[in-house]
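Note that our numbering has the sequence shown beginning at 2, numbered continuously upward.
The beta carbon of each residue, even a glycine, is placed where N, CA and C say it ideally should be.
This structure is a prediction, so every number in the text was calculated from the model and none was measured.
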Amino acid sequence: MSIELTESAVPPPTEPTSAPSRRTFIATTTAVGGAVVAGGLIAGPAALGTETGAAEAPPSSDVSLTVNGKRHTVTVDNRTSLLDLLREHLALTGSKKGCNAGACGACTVLVDGRRVNSCLTLAVRLEGAEVTTIEGLADGDELHPLQKAFVEQDAFQCGYCTPGQIMSGVGCIQEGHTGSADEIREWMSGNICRCGCYVKIVRAVEQTAHRK
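See below:
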């Protein structure tokens with residue numbers, strides 16, 4: 002006996018399941034990975050705790066010093082330079098911050114009569130010191146002789162280095178290093194003038210030293 006199956010009774014052939022494409026695989030993997038990372042970032046603070054300890058304040062000290070004849074007592078971070086003490090705490094902005102590395106001389110002031118780069122000098126080491134800045138040279142409206150000489154010799158252009166040049170020049174004269182133009186240049190070599198007024202600066206120092 003033969004049995005014939007109609008077309009409708011024959012099951013359709015099973016098609017093989019196609020494998021995901023490379024593009025689909027990468028997109029799916031990236032999405033899942035991103036969700037895991039995001040979940041980790043979101044859950045991270047909860048796992049580690051949201052409270053963090055407050056940063057400890059840097060050590061500070063009181064320092065008392067005399068600046069331009071006036072006594073000051075200031076509480077400063079132990080890392081504070083004399084330059085920052087003058088500019089930020091005492092509002093004496095005549096001393097300029099140039100290189101902040103002691104290489105240009107724009108911050109030169111006198112400490113106990115000697116020239117120093119105030120950007121390299123720690124304020125806390127100056128307890129009881131006498132500091133003179135460019136603001137303390139003039140006597141009221143009467144300019145210091147070296148200030149007058151700078152004007153007469155036209156020894157400045159932009160003026161940024163001028164306070165340090167004048168303070169260094171005053172120190173140079175007080176130290177007795179003005180025997181010749183070469184000696185002045187040698188002892189003021191730490192003060193840079195980017196405008197190139199060196200010849201006139203030396204003349205101003207010479208003029209003041211000879212009138213002393």
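Put simply, the backbone Cα of Thr179 is about 24 angstroms away from that of Glu143. For the stretch 107 to 150, the continuous beta strand (DSSP E) assignments of 3+ residues that do not extend past its boundaries occur at 109 to 112, 115 to 118, 131 to 133, in sequence order. Boundaries for Lys201: no beta strand (DSSP E) harbours it, while the alpha helix (DSSP H) harbouring it runs 199 to 212, taken from the DSSP string.
Within its own chain, the residues whose Cβ lies closer than 6 angstroms to the Cβ of Ala210, once the five positions on either side in sequence are excluded, are Ile174, Thr179, listed in chain order. Counted as a single uninterrupted DSSP element, the alpha helix (DSSP H) harbouring Asp183 occupies residues 182 to 188. Going by DSSP, Ser96 is part of no alpha helix (DSSP H) at all; its letter is neither H nor E. Residues Asn192, Ile202 of the same chain have their beta carbon placed closer than 6 angstroms to that of Gln166, with the five preceding and five following residues left out of the count. DSSP places His90 in the helix class (H, G or I) of the three-state scheme. The secondary-structure analysis by DSSP pairs Val171 with nothing; it has no beta-bridge partner. Taken in chain order, the unbroken stretches of beta strand (DSSP E) that lie wholly in the stretch 51 to 87 and span 3 residues or more are 61 to 68, 71 to 78. One Cα belongs to Phe157, the other to Arg204, and the distance between them is close to 12 angstroms.
The three-state secondary structure of Thr163, taken from DSSP, is helix.
Rounded to the nearest angstrom, the gap between the Cα atoms of Phe151 and Glu136 is 15 angstroms. Here Val110 is not near Thr94, since their CB atoms are 7 angstroms or more apart. Residues of the same chain with a CB within less than 8 angstroms of the CB of Ser82, apart from the 5 flanking positions on each side, are Ser119, Cys120, Leu121, Thr122, Leu123, Ala124 in chain order.
Non-local C-beta neighbours of Arg116 in its own chain, meaning closer than 6 angstroms and more than five positions away in sequence, comprise Thr109, Ser169, Gly172, ordered along the chain.
The beta-carbon separation of Glu131 and Thr67, rounded to 5 angstroms, stays under the 8 angstroms limit for a contact.
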